[in-house]
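Asker: Numbering (the working numbering), first residue to last: 47 to 275. Where is the CB? At the ideal position from N, CA and C, for every residue including glycine.
So, in structure tokens, the structure goes:
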């Protein structure tokens with residue numbers, strides 16, 4: 047549970063910073079005013095910093111038996127990588143900013159989504175496997191599942207930014223198009239984007255085959271296609 051809490055702290059920090067005027071400049075999140083609209087930009091910036099720091103403090107303070115210390119170190123490295131610069135959220139955000147209003151192709155778009163959104167989702171799945179002592183084949187399956195799920199989630203998010211209402215998605219729609227961001231609907235259109243997401247969820251479900259008791263993961267994958275917020 048502390049590991050899951052740490053992951054959610056990192057996720058929340060990323061949303062607070064993502065909403066700031068310097069990035070997405072969004073006034074609404076989950077149907078409520080964003081952190082910087084309520085408390086100001088300085089406090090929002092510090093709140094995000096505090097959550098990221100608290101996440102790693104929480105991980106560091108988990109009591110771990112000596113027999114599992116190696117696993118715990120792997121978990122911390124996994125989460126740090128997902129939140130970091132080269133392969134993780136920060137790198138994805140930088141690439142997202144650099145492609146605003148610029149030409150882009152599908153590999154660049156997939157890289158943005160893989161790092162900005164998919165990295166933390168994949169890490170969340172892999173961390174469970176690490177802590178549970180998963181075999182290498184199972185870890186590969188979890189990794190593939192997480193990658194497909196993360197990309198499908200972001201594609202649907204791109205679609206909802208075009209088709210959703212403020213009441214449905216809890217934030218201001220149309221922001222991606224206004225900023226000329228790299229998105230799947232901008233590259234392929236809505237129908238092809240939905241088809242791509244469906245295909246990715248099919249791959250995610252197929253990846254679960256080697257895993258016992260994976261029904262909840264399968265349900266989560268299907269839920270991505272049904273989400274309206």
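1) What three-state label does DSSP hand residue 182 in the structure shown?
2) Apply the 10 Å Cβ neighbour rule to residue 170 and answer buried if 16 or more other Cβ atoms are within range, or exposed otherwise.
3) If distances are taken between C-alpha atoms only, which option among 221, 181, 206 and 129 comes closest to residue 94?
4) Would you call the region 229-237 and the region 262-273 touching, i.e. three or more CB-CB distances under 8 Å?
5) Closest to residue 271 by C-alpha separation, out of 258, 246 and 66, would be which residue?
6) Closest to residue 75 by CA distance: which of 215, 96, 225 and 49 is it?
7) Determine whether the beta carbon atoms of residue 168 and residue 146 lie at a separation below 8 Å.
8) Starting from residue 247 and walking both ways along the alpha helix (DSSP H), at which residues does that stretch end?
9) Report yes if the C-beta distance between residue 256 and residue 184 is below 8 Å; otherwise report no.
10) Check each candidate in 213, 236 and 208 and name the one with the smallest Cα separation from residue 224.
11) Would you report the Cα separation of residue 110 and residue 96, rounded to the nearest angstrom?
12) Distance, Cα to Cα, residue 119 vs residue 101?
Answerer: To lay it out plainly:
1) DSSP places residue 182 within a helical segment (H, G or I) once states are collapsed to three.
2) Under this definition residue 170 is a buried residue.
3) Nearest C-alpha to residue 94: 129.
4) Touching, no, given that fewer than three Cβ pairs across the two stretches are closer than 8 Å.
5) Selected option, being the one with the closest Cα: 246.
6) Of the candidates 215, 96, 225 and 49, the residue whose Cα lies closest to the Cα of residue 75 is 215.
7) In this structure, residue 146 does not lie closer than 8 Å to residue 168 by Cβ.
8) Unbroken alpha helix (DSSP H) run through residue 247: 236-253.
9) Taking 8 Å as the cut-off, the Cβ atoms of residue 256 and residue 184 count as close.
10) By alpha-carbon distance to residue 224, the top candidate from 213, 236 and 208 is 208.
11) Rounded to the nearest angstrom, the two C-alpha atoms are 24 Å apart.
12) Going by the C-alpha atoms only, they are around 14 Å apart.
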